[in-house]
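Structure first, commentary second.
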Amino acid sequence: MRLLEEYSVGQTLGEGAFGVVSTCRKRTTGEEYAVKMVDKVETPVEAIKREAELLQSLDHANIVKVHGVFFERCFVCIVMDKYGGGDLVEGLQRHLKERGQINCHDVVHVAYQMGASIQYLHRKSVIHRDVKGDNYLMDRKDMIDSKCKIVLTDFGTACPFLVDERLTAGVGTKIFWSPEFYDKNYGAKVDVWAMGIIMYGLVSGRFPFKDEHDVRNKEVKIPKRVHPLCEEFIRKMLDKVEKTRPTADAVMSHQWVESSARREGSVSKDQDTEETADGNLREENVNDGVKERRQELMQRLNREDELRRKVDTGVKRSATSHHMKKSFVLQDKQAHGLSMLYEWWDPAKVQSAKLLDPDGEVKAQSPDVSVDESYLKMFSSMLTEHNIDVKKFGQGQAKKLDQLAGEVRSGAARLMLDATSHKKLVRVVDIVLLRISFGDKERRLLIETEERYPDGRKRETLRLPGTKKEPYENTRQVAERILQDMLNMTGNAAKFDLMRVERHEEETESPSYPGVRTVYRKEMVEGVITMTGKADLEKVGLPKFDQWNFSDKGGNTKFFQWMTEKEAEAKKVKLKAEAAEAVSTLVRAPIGMAEEPLREHLIEHGIDVTAFGEKGCKTIKEFSAELSRGESTLQLDPVKKELVRIVDVILMIVKRPSGEILIQTEQADSKGNKTRLDRLPGAKCRPDENQFLSARRILRRQLEMDENIAVLSRQVGFVEEDRHSPAYPGLRTVYRKRMITATLQAAV
Numbered sequence: 001m002r003l004l005e006e007y008s009v010g011q012t013l014g015e016g017a018f019g020v021v022s023t024c025r026k027r028t029t030g031e032e033y034a035v036k037m038v039d040k041v042e043t044p045v046e047a048i049k050r051e052a053e054l055l056q057s058l059d060h061a062n063i064v065k066v067h068g069v070f071f072e073r074c075f076v077c078i079v080m081d082k083y084g085g086g087d088l089v090e091g092l093q094r095h096l097k098e099r100g101q102i103n104c105h106d107v108v109h110v111a112y113q114m115g116a117s118i119q120y121l122h123r124k125s126v127i128h129r130d131v132k133g134d135n136y137l138m139d140r141k142d143m144i145d146s147k148c149k150i151v152l153t154d155f156g157t158a159c160p161f162l163v164d165e166r167l168t169a170g171v172g173t174k175i176f177w178s179p180e181f182y183d184k185n186y187g188a189k190v191d192v193w194a195m196g197i198i199m200y201g202l203v204s205g206r207f208p209f210k211d212e213h214d215v216r217n218k219e220v221k222i223p224k225r226v227h228p229l230c231e232e233f234i235r236k237m238l239d240k241v242e243k244t245r246p247t248a249d250a251v252m253s254h255q256w257v258e259s260s261a262r263r264e265g266s267v268s269k270d271q272d273t274e275e276t277a278d279g280n281l282r283e284e285n286v287n288d289g290v291k292e293r294r295q296e297l298m299q300r301l302n303r304e305d306e307l308r309r310k311v312d313t314g315v316k317r318s319a320t321s322h323h324m325k326k327s328f329v330l331q332d333k334q335a336h337g338l339s340m341l342y343e344w345w346d347p348a349k350v351q352s353a354k355l356l357d358p359d360g361e362v363k364a365q366s367p368d369v370s371v372d373e374s375y376l377k378m379f380s381s382m383l384t385e386h387n388i389d390v391k392k393f394g395q396g397q398a399k400k401l402d403q404l405a406g407e408v409r410s411g412a413a414r415l416m417l418d419a420t421s422h423k424k425l426v427r428v429v430d431i432v433l434l435r436i437s438f439g440d441k442e443r444r445l446l447i448e449t450e451e452r453y454p455d456g457r458k459r460e461t462l463r464l465p466g467t468k469k470e471p472y473e474n475t476r477q478v479a480e481r482i483l484q485d486m487l488n489m490t491g492n493a494a495k496f497d498l499m500r501v502e503r504h505e506e507e508t509e510s511p512s513y514p515g516v517r518t519v520y521r522k523e524m525v526e527g528v529i530t531m532t533g534k535a536d537l538e539k540v541g542l543p544k545f546d547q548w549n550f551s552d553k554g555g556n557t558k559f560f561q562w563m564t565e566k567e568a569e570a571k572k573v574k575l576k577a578e579a580a581e582a583v584s585t586l587v588r589a590p591i592g593m594a595e596e597p598l599r600e601h602l603i604e605h606g607i608d609v610t611a612f613g614e615k616g617c618k619t620i621k622e623f624s625a626e627l628s629r630g631e632s633t634l635q636l637d638p639v640k641k642e643l644v645r646i647v648d649v650i651l652m653i654v655k656r657p658s659g660e661i662l663i664q665t666e667q668a669d670s671k672g673n674k675t676r677l678d679r680l681p682g683a684k685c686r687p688d689e690n691q692f693l694s695a696r697r698i699l700r701r702q703l704e705m706d707e708n709i710a711v712l713s714r715q716v717g718f719v720e721e722d723r724h725s726p727a728y729p730g731l732r733t734v735y736r737k738r739m740i741t742a743t744l745q746a747a748v
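Each residue of the sequence shown is one higher than the one before, counting from 1 in UniProt numbering.
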């Protein structure tokens, strides 16, 4: 049974380091639940299974109840009770905004339930290791309601433990770590410390510590208005000495939580001298790239379910015609709630606006795609982070690392994540296959049966004719090239249905790339022979369905045979994709640097990191997010030996056959406010992405055009601009603008 067969998935409720939580509704009863969809990329499947099994073994009022576990290709989905009040952090922020600081007497019931959940786990010899406000859910929005029920969730870091066992793994959320957690030598009392952090936050609206130094050295300062008994309760849980810190049983026997009755106490009128509380008790640990990947994979999960229900593996696209209008509006894919107005301008108007004359000298060609030292370092780091030993490259039959890097840089292949496994990086090669048929009554398919090399070697192939897709080509161009270069036909010898293309992926070993498997991403295009000339037909064994062969310019000879579908299937020729295969599990690989490594990298190269986040400058966190999205990269200037921020931008010159050029003229928000733009459509290019692949992404996602109506010019204009960016203190920014022309053809 699959998740979407039993439940329908709704809006996202929250997201953490391990996955995303959404609403779901049981199809048979209409009952609403929550589903935690754990990302296989971030977490090994065995670890996810352990979490699910552990949750199913627990039974306590203050621990979330599991109703089912489903193993999908990219997620493990855990269905559990849904709580409509949000988490404790949301409850605190809501109270601070609407009513001000929380009276400690109003959260006794919260303290009791938190303690009860931890006590139950420890008595079951389970340690949670990520106790925090985000992981306690409420059944109502008013957290000070004495009837408010809370439950502990997210058991991704939980594990069984033995009495007196010492654990060493650094997991969970650092700002909730105790001193012994930082020492990587800890026991169950780390959960008690974390509960103390939550309680401090509830009564003060802040974290007590900001980093490891504070955790080890700073004395806890409790607001004066907190009842002395509650203060003692919190101080005991935040005892820096593990040995004297109370156990979960001792926490539950403390006088503050021993009775659930409301206790009155004097509230001091003295004003606290501490900073104003903001209730921000979250530590963000999901970067934008991960969020984007999960969203895309959830959309594919829905697509896979649709295909399975319809038993239809062909990707049927509706023909888009908005580009035929003089002007049209599309949603801005980069900013939520904004829309873009596009207009077709005649060449004279474009020239007058100087839109094809960016600042700087336009070179006829973009710089070469050679692999320099800085690029190779980034590339090597990406492989290492995904458990690939780069030292094995260049050994034996393995190619050198710079050869693989060169393939990726040129667009001959790309590195992507296989989302069905934990941190599995694969080499992806795009292939186009033709399923060409002839005949009405006796329909037969063209099958390549054998290949013979110039030196006389030969091998059986038994496959549909096809070839690699170059980064500057669309599917129609590849299909026409196969006809001409491989099948000895003219480009219009067959008619192709490019509105229905079957896609699937096949994975193989890659001896040339140690530790990196190759995935051939195949597009199957349906075609029918339309040529009628007798001589042309006889060259390819028609109409008698004779066997035939053709030698290409390189001296390779391919042999072909016309087979019925049954004959081809009997010979194990793959003619179509299965439903599950029709939906890709490949996603873009993460890139860039996390916040702390970035900080260290900047310091190493003499950048004053204290200036970030001040006077309008980007914070290190914002800079890290930008790098993770691939919107910029850091490189070392080989001459000046200084760190440089590089921004690669693709500008699209989209032309109609009439010569008119597409211009992005206006941006509007949801309130109707408009901003004049008058610029070429474009987007930033990831450092690991070929320029033509970026151009196709802009056509497909930003402009919502069928790629098969656009032919990219291989002549690329290039402008490099060096300038100071105040938002990035101490860093020089180099903008590399690549101008790629796309000429529209008739719709397919």
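Just so you know, even glycine gets a beta-carbon here, dropped at the ideal spot from N, CA and C.
Report the three-state DSSP secondary structure of residue 547 (helix, strand or coil).
-> Correct three-state label for residue 547: coil.
State whether the stretch 26 to 44 contacts the stretch 422 to 433, with contact taken as three or more CB pairs (one from each stretch) at a distance under 8 Å.
-> Cβ pair count under 8 Å is three or more, so yes.
Between the stretch 644 to 655 and the stretch 730 to 738, do at least 3 Cβ pairs fall closer than 8 Å?
-> A contact exists between the stretch 644 to 655 and the stretch 730 to 738.
When the Cβ atoms of the stretch 468 to 485 are set against those of the stretch 502 to 509, are three or more pairs found closer than 8 Å?
-> Short answer: they don't touch.
If we ignore side chains and look at the alpha-carbon of each, how far apart do residue 436 and residue 494 end up?
-> Each residue's Cα considered, the two are about 8 Å apart.
Runs of alpha helix (DSSP H) wholly within the stretch 366 to 408 (minimum 4 residues, chain order) = Entirely contained in the stretch 366 to 408, the alpha helix (DSSP H) runs reaching 4 residues are, in chain order, 373 to 385.
Residues bridged to residue 506 by DSSP?
-> Looking at the DSSP output, residue 506 shares a beta bridge with 520.
Could you give the distance in angstroms between the alpha-carbon of residue 116 and the alpha-carbon of residue 63?
-> Residue 116 and residue 63: Cα-Cα distance of roughly 9 Å.
Rounded straight-line distance, which links the Cα of residue 514 to that of residue 88 = If you take the alpha carbons of residue 88 and residue 514, they lie about 47 Å apart.
Whole alpha helix (DSSP H) runs in the stretch 43 to 73 with 4 or more residues, listed along the chain?
-> Segments of the alpha helix (DSSP H) lying fully in the stretch 43 to 73: 45 to 57.
For residue 691, three-class secondary structure by DSSP | In the structure shown, residue 691 falls within a helical segment according to DSSP collapsed to helix, strand and coil.
Does DSSP put residue 353 in a helix, a strand or coil?
-> If DSSP states are grouped into helix, strand and coil, residue 353 belongs with coil.
Identify the continuous beta strand (DSSP E) that holds residue 742 and give its terminal residues.
-> Residues 732 to 744.
What number of angstroms, rounded off, separates the C-alpha of residue 187 from the C-alpha of residue 521?
-> When rounded, the separation of the alpha-carbon atoms in residue 187 and residue 521 is 48 Å.
Helix, strand or coil for residue 471 per DSSP?
-> Here residue 471 sits in coil by DSSP.
By DSSP, does residue 272 sit in helix, in strand, or in coil?
-> Confidence in residue 272 is poor, its pLDDT being 42 and thus under 50, which makes the residue's placement unreliable; the coordinate value appears in the next sentence. Under the three-state reduction of DSSP output, residue 272 falls in the coil class, being neither helix nor strand.
DSSP-derived helix/strand/coil call for residue 36 | Residue 36 falls in the strand class under three-state DSSP.
Cβ atoms of residue 79 and residue 3: under 9 Å apart, would you say?
-> A distance below 9 Å separates the beta carbons of residue 3 and residue 79.
Determine the closest residue to residue 465 out of 322, 323, 474, 447, with distance taken between C-alpha atoms.
-> Each of 322, 323, 474, 447 was checked against the Cα of residue 465, and the nearest Cα belongs to 447.
Can you say whether residue 175 is buried or exposed, counting buried as having 16 or more other CB atoms within 10 angstroms of its CB?
-> That one is buried.
N-terminal and C-terminal residue of the beta strand (DSSP E) that residue 620 is part of = In the DSSP assignment, residue 620 falls outside any beta strand (DSSP E) and lies within the alpha helix (DSSP H) extending over 620 to 628.
If we count Cβ pairs, one from each stretch, closer than 8 Å, do we get three or more for the stretch 333 to 345 versus the stretch 584 to 597?
-> Segments in contact, no.
When we look at the beta-carbon of residue 57 and count the other beta-carbons within 10 Å, is it buried (16 or more) or exposed?
-> The residue in question, residue 57, is exposed, as its Cβ has fewer than 16 Cβ neighbours within 10 Å.
Runs of alpha helix (DSSP H) lying entirely within the stretch 95 to 133, each at least 4 residues, in chain order | At a cut-off of 4 residues, the continuous stretches assigned as alpha helix (DSSP H) that sit fully inside the stretch 95 to 133 are 108 to 123.
Looking only at C-alpha atoms, which of 562, 554, 213 sits nearest to residue 454?
-> Relative to residue 454, the option among 562, 554, 213 whose CA is nearest is 554.
So, are the CB atoms of residue 158 and residue 51 less than 9 Å apart?
-> For the 9 Å CB-CB criterion, residue 158 and residue 51 form a contact.
Mind listing, in chain order, the continuous beta strand (DSSP E) runs of no fewer than 3 residues lying wholly within the stretch 652 to 696?
-> With a minimum length of 3 residues, the continuous beta strand (DSSP E) runs that stay inside the stretch 652 to 696 are 661 to 668, 674 to 679, 682 to 684.
Sort out for me which residues DSSP pairs residue 227 with in a bridge.
-> BP columns for residue 227 are empty, so no partner.
Cα-Cα separation, residue 140 to residue 714 | Answer to the nearest angstrom: the Cα atoms are 59 Å apart.
Per-residue burial, residue 1 [other beta carbons within 10 Å of its own, 16 or more giving buried] | Residue 1 is exposed by the Cβ-count criterion.
So, is residue 682 buried or exposed, given that buried needs 16 or more other C-beta atoms within 10 angstroms?
-> Classification of residue 682: buried, given that the 10 Å Cβ count is 16 or more.
For residue 230, which residues from the same chain have a beta carbon less than 6 Å from its beta carbon, with the 5 sequence-adjacent residues on both sides left out?
-> Counting only residues of its own chain and dropping the five nearest sequence neighbours on each side, residue 230 has a CB closer than 6 Å to the CB of 104, 256.
8 Å CB neighbourhood of residue 161 in its chain, flanking five on each side removed | So the qualifying residues of the chain are 125, 126, 127, 167, 187, 188.
Candidates 148, 224, 111: which alpha carbon is nearest residue 194's?
-> The option with the nearest alpha carbon to residue 194 is 111.
DSSP bridge partner residues for residue 193 (one or two, in chain order) = Beta-bridge pairing links residue 193 to no other residue.
Indicate whether the contact test is met: 3 or more Cβ pairs, each with one atom in the stretch 723 to 731 and one in the stretch 678 to 697, closer than 8 Å.
-> Short answer: they don't touch.
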